[in-house]
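J.:
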Amino acid sequence: MTSAPGTAKFAAGMQVRARDEDWLVVEVSKTSHDGTRLDVRGISPLVRDQRAVFFAHDSLDQVTPLRPEDTDLVVDDSPECRRSRLFIDALIRKTPLPLSEQRLATVGTHLLDNLAYQREPARAALRGLRPRLLIADAVGLGKTLEIGLLLSELIRRGRGERILVVTPKHILEQFQHELWTRFAIPLVRLDSTGIERIRQNIPAGRNPFSYYKRAIISIDTLRSDRWRSHLMQVNWDAVVIDESHKLINTGTKNNRLAGLLAPRTDALILASATPHNGQRESFGELLSLLDPTAIPDTSDYDETQLDHLYVRRHKMSPDVSAEIGHKWATRKPPVAFDCVASPTEQKIFEELYDVWIRPAAGQSAPVSGRGARLFPYTLLKAFLSSHKALAETVENRIERIDEEAQKHPERGAQRVEERSALTRLGQLASKATVLDAAKFRRLVDELKGLRIGPGSDKRVVIFSERRATLQMLHDALPGELGFEVSDEKGRGAIRQLHGGRPDDEQQRTVKDFGLADSELRVLLTGDIASEGVNLHRQCHQMIHYDLPWSLITIEQRNGRIDRYGQQTSPEVRALLLVRQDEDPDVPSADRLVSRRLLEREDEVHRTLGEAASILGLRDEEAEETAIKSGLADGRMFDEIVPAQPIDPFNLFMAHHTVDGSGAHYRVPQLFASTRAFVEEALDEVYGNPEEKIGKAWDKDYPEMLSFAPDRELQRRLLVLPQTYLDERGVLDKLRVTFDPGFAQQRLDRARERSGERTKGAITKQERRETSGWPDVSYLTDQHPVVEWLTDKVLVRLTRNAAPVITADVTGPVFLMQGMYSNAKGHPTVLAWSCVTGLERGTPVFDDDLVGVLERAGVQPKMLNRPFAGDIDALRALVPRAVEATQQHLLTLRSSQEEPLIEQLAEYEKRLAAWRKASQSTFEQLTLGIRREHEEQRVETTAIEVEQLIEQLATQGDSMIRVIGVLVPAAAASDQKGA
């Protein structure tokens, strides 16, 4: 019996009737108020191959699933029964895996090394009620790849149709590039320029987040209030937030953004190498975004409550080092150079120490106001960067004093002494020159020793905390190294990278530094590049022009070139500014602090693997403040920065892995490979694809297949990056390969040969030759080309029909698909069953569909023998096949559903425990608004989780589909008696 349109259950691959036409369901998603959204493709002649969207709701679209009992049987007359084999295989591809299936199903199908440790986050996430996880692996382990693996698994399960990725703007293109080239997951780029561009391509007034189902956007753009209303109207299957430590601070726009997205997505993946800011309550609130019932009291919890939400490994973790130690060159011990101050710099040193740092007995530093105690060290740190940075700091402080004096004259009078001392210090700084600066002279010597210069392909990254220092180096280095000064911003052999540069310039600079043919040789960068940026592909040399007083930042900086895939041992250098009269017993700050921090980070890197666990503050600014405070209090370095974590919780934060063992799930398939499926599908769809779409295997590169995409495929490809479409001419000719080795070669070639373009106008050919995108796309099972062919194959059968296949069987074998699903439309029980004996009234089931087909000889090169049976007799068996499969699925349900039931029951227990613990917590509060707020929060959360548990459980009747019938190529009498 057919359900009413508003209550019917739908699944991808199902056939439905709407507006008097027949359609194939391509995607299914629930909406808040408009019923079930169905993305469909036309089957019946008038709408064949047309795309449409229906909302199955009583007041909107009347959409009716086609009854399996009414399935028509159509004899397959295609060569080698190709149409039937493709249809069955395509239906399997289209059907999501059941919710209870936690084994990984896409392993080995992507363009990346087969590393078990990178699969562990996906395993951990799929074990949860919802896929939610904080991936906190140390820098260089491949968090982007781990995210790609998890997203691929979600897509295969029908839980990754709508994806939003949020990243810092400077790694947006890098992230987009990795997900497309390695996983064939296209993301529409919604950065500042991308949003304006797509507004021209979508209907006026449409929400860009609902129009594009998979998007990537910078956190800087998304946190703008102008996008808040758009976000509130959209629900996602999966949200990824990279560098998620930026979300922690309560009350910030980033934190509000996270709170807005978390309840509007099923899967939530947070990624950060430094996820903890040192405040347990803030970190507890971050993890509560993943699972609101994990921690009753975010200010008081232990590591056992976080096990299921947190993964953290580093290079020295046993499972990591065992797999990639040979592909990750060991970093050399860092080298710190003492740069003895010039006479001018020595005078500045004396002024800083005698007046500000260590005034004579009975005197104090001439500073007052907010932060007065630590401000002398701010001046010192600025000077250790450069005299330009010191001058800038002095100037800014004087400006603030003068502004305060105008508003509050009495305060201005109190700070006359400070202003006078600052003026004197500024005058000393103004007398210093870059060419006489001790660190600059040593830097030039080191760069020349590394053969950095015109005609050399050597590269180096130079870090500095201060933009004034970066600008100084940018102005002075070209003349010292013999490089031409570029007239064009963001171009040349020496470039800057920091947060003050435009989005597109930042992304271009990062991209160019990774390209072999780029003219970029010296990257001058602030600590923006210490987060998430890959700088190791063409570089293994790094110089700290100044050192941050934070182990976290030093670790992040070093991790830019010391990461997986680095084939040459990274070399790290640091420049330390020391006084001419340096006393070994009373060392100046760069020796006392900076050198020791550099050495301590190296010690921790080789043992514990995570620098942030030492101080346990897990915030760069907090670490620097703690070190300044310790120095101001006269404490020793080893007391301020211990060699080992003191708090056991910090040891957990430093390393927590999950069990990555277990067999993979082998998805049933009728074809030996994706290539076999694609080639036969092209032949079936086009008859002569060589003539109709120009299909051809390249003569020079036999691994490469090219063809001209039709209009439908072009439409699907429009979600790819615009630069990729333009530079590679994808919409005119698509080049693909099934060979991962060849695909990797072309990806490497794009990096090696692409780079700086000729200034001014360039030809289309030159644009292609200088593209950072590979000219060949690796075809995974989730590639748009494979999805396009899958849909094409499924609509080739007529309405509610199943093929009849002559095979090596003794009687009719009905091939059936059966499933139960939950309220979200996700399968909870799934079976591909074969039933015989229907004509005798004694049905027998075999649930190995592929095995049955193989034994029956249904395979390439098979002989499609004429069907000589009674088609009407076969059709009469269809209702019996449906009824028998319904009963059979009931018996399978208990075993298949058991893991899900256990999971839901466990979560109900956890919810009850959380609810009880939370109630006891707020009961200690006095009556008032705060207690009422806490009571309401707990009650609301409990109701939402209870509803989620109910939605995930199996609901309603089974859905059955006849997908084919095997019959013997025999006399009609063999079919009689049915």
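Take the position in the sequence shown, starting the count at 1, then add 7; the result is the number in my numbering. Virtual Cβ for every residue (Gly too), placed ideally from N, Cα, C.
#1: I believe Ile50 touches Gln676 by the beta-carbon criterion, under 8 Å. Please report the beta-carbon distance rounded to the nearest angstrom.
#2: Is there contact between the segment 152 to 164 and the segment 111 to 122, where contact requires at least three CB pairs shorter than 8 Å?
#3: For Glu250, which of Ala301, Gln312 and Ile142 has the nearest alpha-carbon?
#4: Return helix, strand or coil for Lys702, following the three-state DSSP convention.
#5: Alpha carbon to alpha carbon, what distance is there between Arg570 and Val374?
#6: Taking the alpha carbon of Ala639 as the point to measure from, which residue in Tyr360, Glu310 and Glu719 has its own alpha carbon closest?
#7: So, at 6 Å on beta carbons, what are the nonlocal neighbours of Phe190 in its own chain, with the 5 sequence-adjacent residues on each side left out?
#8: Would you be able to state if there are at least three C-beta pairs under 8 Å between the segment 338 to 347 and the segment 582 to 597?
#9: Under three-state DSSP, which class holds Val793?
#10: Mapping the DSSP letters down to three states, classify Thr948 as helix, strand or coil.
#11: Would you call the segment 79 to 90 and the segment 54 to 68 touching, i.e. three or more CB-CB distances under 8 Å?
#12: Helix, strand or coil for Ser828, going by three-state DSSP, please let me know.
#13: Taking buried to mean at least 16 other C-beta atoms within 10 Å of its own C-beta, is Ala129 buried or exposed?
#14: By Cβ distance below 6 Å, which residues in the same chain neighbour Arg603 in space, the five residues on each side in sequence not counted?
#15: Can you look up Ala336 in the DSSP assignment and give me helix, strand or coil?
#16: From what residue to what residue does the beta strand (DSSP E) around Gly963 run?
#17: May I ask you to verify whether the segment 852 to 869 touches the segment 900 to 916, counting CB pairs closer than 8 Å and requiring at least 3?
#18: Would you check if the segment 507 to 525 and the segment 171 to 179 touch, i.e. whether three or more CB-CB distances between them fall below 8 Å?
#19: Quick one: grab the DSSP three-state call for Met823.
#20: Find the nearest neighbour of Pro299 within the set Arg625, Ser925, Val969 and Arg163, judged by alpha-carbon distance.
#21: Going by DSSP in three states, Arg764 sits in which element: helix, strand or coil?
#22: Compute the Euclidean distance between the alpha carbons of Gly13 and Leu959, then round it to the nearest angstrom.
#23: Apply the 10 Å Cβ neighbour rule to His940 and answer buried if 16 or more other Cβ atoms are within range, or exposed otherwise.
#24: So, with DSSP's three-state summary, where would you put Pro709?
#25: Can you give me the Cβ contacts of Pro383 inside the same chain, cut-off strictly under 6 Å, excluding the 5 residues immediately before and after it?
#26: Taking the alpha-carbon positions, what's the Ser927 to Gln312 distance?
#27: If you draw a straight line from the alpha carbon of Arg230 to that of Leu268, how long is it in whole angstroms?
#28: My understanding is that Ile550 touches Glu453, with C-beta atoms under 8 Å, so please give their C-beta distance in whole angstroms.
#29: Considering only the beta carbon of each residue, do Phe390 and Ala436 sit closer than 9 Å?
#30: Which whole runs of the beta strand (DSSP E) in the segment 264 to 349 are 3 residues long or more, in chain order?
#31: Would you mind reading off the limits of the alpha helix (DSSP H) that contains Thr400?
#32: Compare the beta carbon distance of Val692 and Lys799 with 9 Å and say whether it is the shorter of the two.
#33: Is the beta carbon of Glu562 less than 9 Å from the beta carbon of Glu495?
#34: With DSSP collapsed to three states, give me the class of Trp556.
#35: Let me make sure I understand the geometry here. Which of Ala976, Leu133, Tyr308 and Ile647 has the alpha-carbon closest to that of Leu104?
#36: Figure out for me which residue from Arg466, Ala274 and Phe356 has the closest Cα to the Cα of Thr575.
T.: Reading from the atomic positions:
#1: Actually they are not in contact, since the Cβ atoms of Ile50 and Gln676 sit about 24 Å apart, beyond 8 Å.
#2: yes
#3: Ile142
#4: coil
#5: 44 Å
#6: Tyr360
#7: His117, Gly155 and Ser159
#8: yes
#9: helix
#10: helix
#11: no
#12: strand
#13: buried
#14: Phe644
#15: coil
#16: Thr961 to Pro975
#17: no
#18: yes
#19: strand
#20: Ser925
#21: Bear in mind that a pLDDT of 48 at Arg764, under 50, signals an unreliable position, so the model cannot answer this.
#22: In this prediction, Gly13 scores a pLDDT of 44, lower than 50, which makes its location untrustworthy; the coordinate-derived value is nonetheless stated afterwards. Between Gly13 and Leu959, the C-alpha separation is close to 19 Å.
#23: exposed
#24: coil
#25: Trp363, Ile364 and Ala372
#26: 18 Å
#27: 11 Å
#28: 7 Å
#29: yes
#30: 272 to 278 and 342 to 347
#31: His394 to Lys414
#32: yes
#33: no
#34: coil
#35: Leu133
#36: Arg466
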